[in-house]
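I have placed the structure first, in the form of structure tokens, so that the comments after it can refer back to it.
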Amino acid sequence: MDFEDTPEEAAFRAEARAFLDANAERRKPGAVEGYRRGQDAPGAMERAKDFQRRKYEAGFVGIHWPVEWGGRGGTPIQHVIYNQEEAKYDVLTAIFGIGIYLAQPTICTWGTPEQRDRFVKPAMRADEVWCQLFSEPGGGSDLAALRTRAEKDGDEWVINGQKIWNSGAHYSDFGILVARSNPDVPKHEGLTFFILDMKTPGIEIRPIRQVSGSSHFNEVFFTNVRIPDSRRVGPVGAGWKVALTTLMNERHGMRDAPGPDVEELFRLAQSIELEDGPAIDNAAVQEKLAEFYTRSQGLKYTKFRGITALSRGQTPGPESSIIKVVAANKLQDILSYGLDMIGMAGPTMGESMPVAGIFEEALLYSPALRLAGGTDEIMKNIIAERVLGLPQDPRADKGLPFRDIPTGARK
Amino acid sequence: MDFEDTPEEAAFRAEARAFLDANAERRKPGAVEGYRRGQDAPGAMERAKDFQRRKYEAGFVGIHWPVEWGGRGGTPIQHVIYNQEEAKYDVLTAIFGIGIYLAQPTICTWGTPEQRDRFVKPAMRADEVWCQLFSEPGGGSDLAALRTRAEKDGDEWVINGQKIWNSGAHYSDFGILVARSNPDVPKHEGLTFFILDMKTPGIEIRPIRQVSGSSHFNEVFFTNVRIPDSRRVGPVGAGWKVALTTLMNERHGMRDAPGPDVEELFRLAQSIELEDGPAIDNAAVQEKLAEFYTRSQGLKYTKFRGITALSRGQTPGPESSIIKVVAANKLQDILSYGLDMIGMAGPTMGESMPVAGIFEEALLYSPALRLAGGTDEIMKNIIAERVLGLPQDPRADKGLPFRDIPTGARK
Amino acid sequence: MNFEFSDELIQLREQARRFLADRCPPSVPRRILDTDEPYAADLWRAIAEMGWTGAAIPEEYGGVGLGRLAVCVLAEEIGRAVAPVPFSSSVYLATEAIMLFGSEQQKQTWLPKLASGEIIGTFALAERPGASDPAKLTSSVAAGRLAGTKLAVPDGDIADIAVVAVNGGDSPWLHLVDLKGAGVTRETVATFDPTRSHARIAFSGAQAEPLPGSKGADTVRTLLDYAAVPMAFEQVGGVQAALDMANAYAKERYAFGRPIGSFQGIKHKLADMYIQVELARSNAYYGAWAVHTSAAELPIAASVARIAACEAGWFVTKENIQTHGGMGFTWQMDCHLYYRRAKLLRLALGGAREWKHRLVNELRVRNTTDLAAA
Amino acid sequence: MNFEFSDELIQLREQARRFLADRCPPSVPRRILDTDEPYAADLWRAIAEMGWTGAAIPEEYGGVGLGRLAVCVLAEEIGRAVAPVPFSSSVYLATEAIMLFGSEQQKQTWLPKLASGEIIGTFALAERPGASDPAKLTSSVAAGRLAGTKLAVPDGDIADIAVVAVNGGDSPWLHLVDLKGAGVTRETVATFDPTRSHARIAFSGAQAEPLPGSKGADTVRTLLDYAAVPMAFEQVGGVQAALDMANAYAKERYAFGRPIGSFQGIKHKLADMYIQVELARSNAYYGAWAVHTSAAELPIAASVARIAACEAGWFVTKENIQTHGGMGFTWQMDCHLYYRRAKLLRLALGGAREWKHRLVNELRVRNTTDLAAA
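Residue numbers (the numbering used here), protein chains in the order written: chain H, 116 to 526; chain V, 116 to 526; chain Y, -10 to 363; chain G, -10 to 363.
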């Protein structure tokens, strides 16, 4: 039991560091803005694409993919090690994640050799940027209830409908799309998966304003959008199975909730006076700090257990399924407690506030973290059913043709 | 908005107090043992029956019942006032509650005039003591899934099966019993309700040992127990509806969780030293005390709102449905926090422990309070469905003949 | 026992609810959120015309003389409507301060104007992040001139007058300041709830008129106690609205072929929200009784009302978003109006943490046998 | 990174699990619960024969020399089986104290006997209800004679020797006392978990042998740190067993025509229990690394392991009862074995409250940049 790299891991880590030192800037210590979204800054996309190209050339994209997919043929632990190192640098790579880590594995698994040859490498090099078109307004947690229609017309499919929670449609070249090709069979059986060229006529993109006031997501509307059948991935009607490959990869990449954590709460408590002196001396504050610290450490070492499994060539255990739900709730608890400590001055937004105002900022974006990528409730169902083996809820929609499933007042 | 009695209420309260002063001992202030069960003490049952007879003669039993049921014809608020006063005295009346507040209203509502004449008055006077025979080992929250059979044989019914969570079968004269008279119809439609003479041959009573080590409940087994049809209450097959009258009255009588509350935690915190001085001076302890106090007060004033509704001749609102679930969980939280404060010495049982050892004692009985009379989960379903109007869970057993309802491995 | 509002006040509540449903649908706070308007001046005028701003002010000072219970009833409706008006600042705080601690002449001068809505008042206390302990204030008054800086004063940029807390020593701790006078610099600050404007106010030699009854730091706490009760009602109104919203959505929204409200995950969440709302409401009622009778228990009753309202505020409004799923996080749904406002009100008179501290201190000075909770 | 036990230790764990499944089914703790037997002496002998009592003791002192990680692995299985044996008292505490602070001669004298199970050791600290702050101890040693009274000493009535904490001033704080010698009065006390016996021990001039390395009150805390880690594994074993029990019951028990585990009310409860178990397990692993390497981070790692284990212990065992419904509250079901034991272990080294205090104090003496949690 140790925290050390094996000699092979250490060598790989050194290689990664050397590449990063040569190609990126190290993040300043104690910076709180690391999690703030940077892709809206001027020139950010160009810089990001430039770095991604160099990362690809250096062999750090698709580290753990097989060589025939265009990967390095490395190990999952190397992938983790590279990401641990990259996280210390000021680079913007997350926006290519949909293309590289969601779209391409799905295409490689289900697509034709031609599709693989055409799409994988440009995605890895960030020559082409991808987005995801799965969620719909009426679907929510019930993803397979999607209603966007795909109707065959000769060698083409005609798409009509609406997607939501799309990230990056406005700057993406391609999208992965699931649509309903047959509403007369049960809901999981009537879906088909496509690669959509985002420049096709008939696509309209509207930003969604979030509670925080910013718009990191879009609604995307399709009016008679045509996709050649050659851009279909997997068999007609197999779209749900194909999409599951994407979703598994998405869940696998699940990460911590960015924002104020124990360290920031600690800094806050050191900087603030309560009625009986510095907050950090207050026994109630101390107990809260200890509880949050314990939860944070629990997450950290749960991740270490997962990495250890990878390092041993095993699949990480189900323990990783808890990370998102614990992290997102912890963030809400911490920011709320921090704001209460700041007290009457707490509502003020901005860098002039204690710890650069991240508690106030987190108030406005944190609810999303308990929803995006699976709500708390869905995550707990997953833990209960897939980890603990509990039976599913009875399904009101089981076996029903999609068009007969109850939807309430709405259609 | 005031806490005062109306002149009529004040007069009634004075009358109740006069009766109690003449017939019972006032409880000592600060006594913690008030909630401890006393019916096992020698001579306790005789004293209890004696007091109950005097209470009946003085007109304080069935205060809010109509005169034709043998009641006083008073108001629900008078009933509350009497109980508020009685709670200050050292009397044991709860053991007659099943007979008086569960069995008799059910018999008065559904039974024949002969049944009413025969049973109501002796129950009110405690000449006859009653118990309840509803729950079964395989039923739990799904009360209507009971399997005890009632088969018609001439003018009699033959009962075979098993009940559980019975309180007082060993000292009771009669029991109210629900049994399945027809397993071939849906589960709520095949039940019948009976009055059972507990001296009938074929009844075997076995005490259930609880976690606390004591046995306040029994299992009751029936082997060819015969009940004359004249002791059937309500129509054959209407047993569920009849039982609902009992259950409504049971829920209505739902009370606080007895045991250590904020006052006891306060006393504990005043008596204990932590690493930084008296516990009561510790900010973390103070915050907990404030949180518990706020919850306790919330319950108290929720009850006051219910009493106010009664006082105005209205039915108390649904707010009273929250009391049991909040009180039982609060008790567990308080006792656990108290034990943590007592620290390494905490496991010791007995009167020599701080606050007479009630925290340790409560550890062992408190889990029952979240289960008995409806689990937390059932209570929340009730709040969600009956108060908030949310739809029921889909029923896997809906419309199925009882014998075809899935029961897992067990039968 | 009569632990309910009078029929007259219940009527007032119904009238207020209808009025605000008509005049302050969600589009009104949204307008303030989306524009530079600091508050809904039109709604404020209408509210003043209804007499709400003078509800607790005696008739001799131009008010309606309905007493503090009427303010509690109105506050609940203001909260339900997330109304973008300075009701709490002007009514629970500035007006209350003058009623409690003002001289006869001050009452005659200011209360009629506050009652009519001609002027807006506010209360300025916090000087730094952290607990707002009156004993640690550094603002001071010398020769009738005030010096000091107050952070995040609610409605500080739209108010005409402020009651300002200073470290008064043996002199009064609360002073009236004309915010349009010399020596006052106001700067609007952005907050996470733009439906209620806030300002940082710097006083440099502003003319300050003491409220003669406000001697001692305790008077600041007393004012907060009086304000905490209607504030708790405002909070209760907000969480009730958020619960109603979640409840309606849970019935209407389908997933997996049935309403999401039929899943226990959502049902039990809503039951937990309901429990919090009811506990907060019951404690607020106790607070109402205490302000109504100016009972000795007010510090305890106000703390309990405040703590329960703050807990419900955060829990219910965040779980309302959660119940709505991804939609709950969109600008277009109203969930965030309640969520922002709930956290704002939770901090407004000092966080729940401060009130817990106050509650236990108050309980300790009493005989613990008063604690009996059942 | 290798954040997992070695294959050798994983084998040891499997062997221990099989052994205890065979030799310590629930009927064994039930026997102790139901009778006057203070512990399962037969099981204890078998455990000693397996070498578990000497697992961490170096071979030169008659042990197996597997190190502290082996004790962690065994502790988890002891916890899973709710074994009624003085393993924690004798191994994590008495043996550890001698290994950490004993003289060479003391090690040679006592460790072989502890390793072989010939004697049982325990640790006596608490003198009053409340925090067991070493600095406030009143027991003392003068001229080799100990005076003082210790409350609720685990296994105090069956142990042969005790490591007793005293207020040592400049001398050692930990002393070895032969509990069968003169000047020792032991009285068995009833606790809420009779599967582990406890005694009140009064010392009046008992002969006491100092552990020379235990100078200063901090050495008492250090001993608790070392003990807290295997104790956390014992707690994790218990909660894992309780979770497994709840999970099996939720699948098997039907209500309303379907398994109760298909209701989200139960599903989400079990998911919450699983989360607590996993967080506690991960933190215990960090603790294991720290005791294994005697890392400078031990006070932090031990505190974190302890706090997480205590939280899981209470939550999981009480919700296991709740999952079982009324049956869960019967003597006949095993739920209460886990529930009692979890609360006992939560208090054994001082409640979670004390460890939170310790954790923050330790964090404060370090650079806060070490805090980075991700």
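Idealized CB from N, CA, C, for every residue including glycine.
Quick caveat: nothing in here was measured; it's all calculated off a predicted structure.
Interface flag, residue i vs chain Y, CB-CB below 9 Å
i, result
"H257 of chain G", "yes"
Cutoff 9 Å: residue i Cβ touching any chain V Cβ
i, result
"D159 of chain G", "no"
"E300 of chain Y", "yes"
Beta carbon proximity, residue i to chain G, threshold 9 Å
i, result
"Q412 of chain H", "yes"
"E200 of chain H", "no"
"S345 of chain V", "no"
"E388 of chain V", "yes"
"E406 of chain H", "yes"
"L505 of chain H", "yes"
"G328 of chain V", "yes"
Those residues which DSSP pairs with residue i across a bridge
i, result
"Y243 of chain Y", "Y:P248"
"Q196 of chain Y", "Y:R134"
"N272 of chain G", "In the DSSP output, where bridge partners are listed per residue, N272 of chain G has none listed."
"A265 of chain H", "H:I274"
"G290 of chain H", "H:C246 and H:L311"
Contacts of residue i in chain G (Cβ-Cβ under 7 Å)
i, result
"A358 of chain V", "Going along chain G, no residue has its Cβ under 7 Å from A358 of chain V, so there is no contact; the nearest lies around 17 Å."
"P521 of chain V", "Y243, G246 and R247"
Residue i: contacting residues in chain V (beta-carbon distance under 7 Å)
i, result
"A341 of chain G", "D455"
"F304 of chain Y", "Result: empty, since nearest Cβ-Cβ is about 13 Å, beyond 7 Å."
"H346 of chain G", "E390"
"I(-1) of chain Y", "Under the 7 Å cutoff, chain V gives no residues; its nearest Cβ is about 11 Å from I(-1) of chain Y."
Contacts of residue i in chain G (Cβ-Cβ under 8 Å)
i, result
"R510 of chain V", "F245 and G246"
Within-9 Å CB hit, residue i to chain H
i, result
"E402 of chain V", "yes"
"H325 of chain Y", "yes"
"I264 of chain G", "yes"
"S121 of chain Y", "yes"
"Y215 of chain Y", "no"
"K125 of chain Y", "yes"
"L82 of chain Y", "no"
7 Å Cβ cut-off: residues of chain Y touching residue i
i, result
"Q311 of chain G", "By Cβ distance, chain Y contributes nothing, its closest Cβ being about 13 Å from Q311 of chain G, past 7 Å."
"Q253 of chain G", "F252, Q253 and G254"
"L479 of chain H", "F181"
Within chain H, the residues that residue i reaches when beta carbons sit closer than 8 Å
i, result
"A398 of chain V", "D391, N397, A398, A399 and V400"
Interface residues of chain V facing residue i [CB-CB closer than 8 Å]
i, result
"R353 of chain Y", "I395"
"W278 of chain Y", "M116, D117 and F118"
Cross-chain neighbours of residue i in chain Y, by beta carbon under 9 Å
i, result
"P482 of chain H", "K307, I310, Q311, G317, F318, C324, H325 and Y328"
Closer than 9 Å at the beta carbon, the chain H residues around residue i
i, result
"K332 of chain Y", "S451, L454, G461, P462 and L478"
Expected contact under 8 Å - CB spacing of residue i and residue j to nearest Å
i, j, result
"I210 of chain H", "V244 of chain H", "7 Å"
"R117 of chain G", "L103 of chain G", "Between L103 of chain G and R117 of chain G the Cβ distance is about 29 Å, and since that is not below 8 Å, they are no contact."
ask   = Along the chain, which unbroken stretches of the alpha helix (DSSP H) at least 4 residues long are found entirely within the segment 199 to 252 of chain V?
value = Taking only runs of at least 4 residues, the alpha helix (DSSP H) segments lying wholly in the segment 199 to 252 of chain V are 219 to 225 and 228 to 239.
ask   = Taking only runs of the alpha helix (DSSP H) that begin and end inside the segment 208 to 244 of chain G, which ones reach a length of at least 4 residues, in chain order?
value = Along the segment 208 to 244 of chain G, the alpha helix (DSSP H) does not occur as any fully enclosed run of 4 or more residues.
task = Please list the segments of the alpha helix (DSSP H) lying wholly inside the segment 337 to 399 of chain V, counting only runs of 4 or more residues, in order along the chain.
result = 354 to 367 and 377 to 386, all fully within the segment 337 to 399 of chain V.
message = Could you tell me which whole beta strand (DSSP E) segments of length 3 or greater appear in the segment 112 to 185 of chain Y?
response = Listed in chain order, they are 129 to 131, 134 to 143, 150 to 154, 163 to 167 and 173 to 178.
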